[in-house]
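S.K.: Residue 31 in numbering that gives the first Met the number 0 sits at position 32 of the sequence shown, with consecutive numbering throughout.
Even for Gly, the Cβ is constructed at its ideal location relative to N, Cα and C.
Mind looking over this structure? Questions follow.
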Amino acid sequence: MPLRFDQFVQREFQDCATVGLDEREVVDLMQEFRLFGFWRIDLDTGLFYATPDVFRIYGLKATDGKMSLVEFGSRIHPDDLPLLMESFERTCLHKQSYHNIYQALGEDDRYKYVRTVGRFREKPGTSGEIIGITYEFFERLRTVAFCDDPQV
C-alpha cells in the first residue's frame, strides 16, 4: 500500500455559533450515521481513555472508558501498527498533530478502514496527552438515510 505524508494546512476555526448551532449539535450531527469516537492518551501513565464508539470501532466491549494500549494495538492490522505507533511518538516529540488512515478489526473480526486525527495537548506538571478522534472511513458512495426521531 502506498504511503503518503501530507502537511496539515492550518484552517480557520469555524465557530458553529455563527450559523446558530451549539457544540452539542455539532457532535450529534457528526455521530448521526457513523461511528465517531473521542479519546485521549495520558503520556505519564500510558492509559488510553475512549468514548463507547471507539470501543465499537475496534470491536471491543465498552468499559469504564479505559482501554489497554496493548489491546488497542492487537486490533490494528500488523502492516499498519508500526506507522501508527510512529505517529504517536512523533506527535509527542514534536508536539504536533497527525492523521492516519489504517485498517482496524471491527466487531465482526474483519478489517475495515478507520481514520484517526490526533494532536499533542500540554497538561501542566505532566508529560502531556495525545487527544483525538477516530471514525469509520469508507468509500464515498451515493447514499441517503433518514431518521424519523427528531431527538436522534
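CB-CB under 8 Å to R89, same chain, minus the five flanking residues each way: which ones, in chain order?
M.R.: Result list for R89: Q95 and Y97, in chain order.
S.K.: Using the Cα positions of V25 and I129, report the straight-line distance between them to the nearest angstrom.
M.R.: In a straight line, the C-alpha of V25 is about 22 Å away from that of I129.
S.K.: For H98, list the residues DSSP reports as bridge partners.
M.R.: Per DSSP, V116.
S.K.: Within its chain, find whatever has a CB closer than 7 Å to the CB of F136; leave out the 5 residues flanking it on each side and keep chain order.
M.R.: Cβ within range, chain order: I100, Y112, V113 and R114.
S.K.: Pull up the distance between the alpha-carbon of E85 and that of D21, whole angstroms please.
M.R.: Between E85 and D21, the C-alpha separation is close to 35 Å.
S.K.: When DSSP builds the beta bridges, which residues end up paired with R23?
M.R.: Answer is none; R23 lacks a bridge partner.
S.K.: Between the alpha carbons of R118 and D27, how many angstroms are there, rounded?
M.R.: For R118 and D27, the distance between alpha carbons rounds to 22 Å.
S.K.: Between which residues of its own chain and M66 is the CB-CB distance below 6 Å, once the five residues before and five after are set aside?
M.R.: Counting only Cβ-Cβ distances below 6 Å, and skipping sequence neighbours, we find F47 and A49.
S.K.: Do R55 and L34 count as a contact pair if the criterion is CB distance below 9 Å?
M.R.: Yes, they are a contact pair.
S.K.: Looking at the structure shown, is F32 part of a helix, part of a strand, or coil, going by DSSP?
M.R.: Three-state DSSP puts F32 in coil, outside helix and strand.
S.K.: My output table needs one value for D52: the three-state DSSP class, helix, strand or coil.
M.R.: In the structure shown, D52 sits in a helix (DSSP, three-state: H, G or I).
S.K.: So, helix, strand or coil for L83, using DSSP?
M.R.: Helix.
S.K.: What are the partner residues of R74, as DSSP defines its beta bridges?
M.R.: In the DSSP output, where bridge partners are listed per residue, R74 has none listed.
S.K.: Quick check on R23: buried or exposed, where buried means 16 or more other Cβ atoms within 10 Å of its Cβ?
M.R.: Label assigned to R23: exposed.
S.K.: What's the C-alpha gap between L59 and E106?
M.R.: Cα to Cα, the separation comes out at about 7 Å.
S.K.: Cutting at 6 Å between CB atoms, please list the residues of its own chain near M0, excluding the five before and the five after it.
M.R.: Note that M0 scores a pLDDT of 48, beneath 50, so its modelled location is shaky and nothing firm can be said.
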